[in-house]
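Written out below as structure tokens is the structure these notes cover.
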Amino acid sequence: GAGVSQSPSNKVTEKGKDVELRCDPISGHTALYWYRQSLGQGLEFLIYFQGNSAPDKSGLPSDRFSAERTGGSVSTLTIQRTQQEDSAVYLCASSRPGHSYEQYFGPGTRLTVT
Amino acid sequence: KQEVTQIPAALSVPEGENLVLNCSFTDSAIYNLQWFRQDPGKGLTSLLLIQSSQREQTSGRLNASLDKSSGRSTLYIAASQPGDSATYLCAVRVGTNAGKSTFGDGTTLTVKP
Chain A
1 GAGVSQSPSN KVTEKGKDVE LRCDPISGHT ALYWYRQSLG QGLEFLIYFQ GNSAPDKSGL
61 PSDRFSAERT GGSVSTLTIQ RTQQEDSAVY LCASSRPGHS YEQYFGPGTR LTVT
Chain B
1001 KQEVTQIPAA LSVPEGENLV LNCSFTDSAI YNLQWFRQDP GKGLTSLLLI QSSQREQTSG
1061 RLNASLDKSS GRSTLYIAAS QPGDSATYLC AVRVGTNAGK STFGDGTTLT VKP
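First to last, the sequence lines map onto chains A and B.
Each residue of the first sequence is one higher than the one before, starting from 1 at the first, in the working numbering.
Each residue of the second sequence is one higher than the one before, starting from 1001 at the first, in the working numbering.
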């Protein structure tokens, strides 16, 4: 079946603009995660959705970052008033219960803020 | 706060060698540990997942072990090949549900023909 997909694959934006990044999880996966990978650094947790439960937003670095998940499927990560330090690869993963919540990752969106 | 460390940061070996990558974590109350590989410019590919109740998992030439008491996991790669060249990441999930994972910074492996 299809894996996790993300769009766009690359995004270049000017400082101060808002951007939206999209993630389509694997069908049937109830859990969805967003991570950020800055150049030469490890993965940093941003936010986690599980079914209808309140999301775990503990990793969002500032109030400029927000995410939503509509209908328990597609998720959008929004960054308002982008800054140069927001430049990174944004990775989305999904998982499902009964399979140890093994995470499956999408290819990522490379965001460059100029 | 869970901290995950991977040593070494980089490793270069000739083709055919067996090798071990290390992952250590500070909080032993883990739910599971997952090993991934990441090729340059790509996403993460899941290799092996070990539940907290398990000691090891095997897939082909890969074997991952888990020792919760010492806070360590190893990924053993047998008969390495140039196609194994990639960055290997371990991710530790703490707690009893499908929450976030904490990642190490990875080990970049180069297998020379």
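For glycine and all other residues, C-beta sits at the position ideal for the given N, C-alpha and C.
Taking only the alpha-carbon atoms, compute the straight-line gap between residue 79 of chain A and residue 55 of chain A and give it to the nearest angstrom. 17 Å
Can we say the segment 1044-1051 of chain B touches the segment 100-107 of chain A, given the rule of at least three CB pairs closer than 8 Å? yes
Nearest neighbour of residue 1021 of chain B, chosen from B:1062, B:1030, B:1092 [CA to CA]: B:1062
Helix, strand or coil: how does DSSP classify residue 85 of chain A here? helix
Given this structure, state the Cα-to-Cα distance separating residue 74 of chain A from residue 107 of chain A, to the nearest angstrom. 15 Å
Measure the C-alpha to C-alpha separation of residue 112 of chain A and residue 31 of chain A and round it to an integer number of angstroms. 27 Å
Output the distance between the C-alpha atoms of residue 36 of chain A and residue 1070 of chain B, rounded to the nearest integer angstrom. 29 Å
Look up residue 1082 of chain B in the DSSP assignment and say whether it is helix, strand or coil. helix
The segment 1004-1021 of chain B / the segment 1073-1084 of chain B touching (three or more Cβ pairs under 8 Å): yes
Against chain A: residues of the segment 1029-1063 of chain B by CB proximity under 7 Å: 1032, 1034, 1042, 1043, 1044, 1046, 1049, 1051
Report yes or no: is there a C-beta of chain A within less than 8 Å of the C-beta of residue 1101 of chain B? yes
Do we get a CB-CB distance below 8 Å when we pair residue 1084 of chain B with the residues of chain A? no
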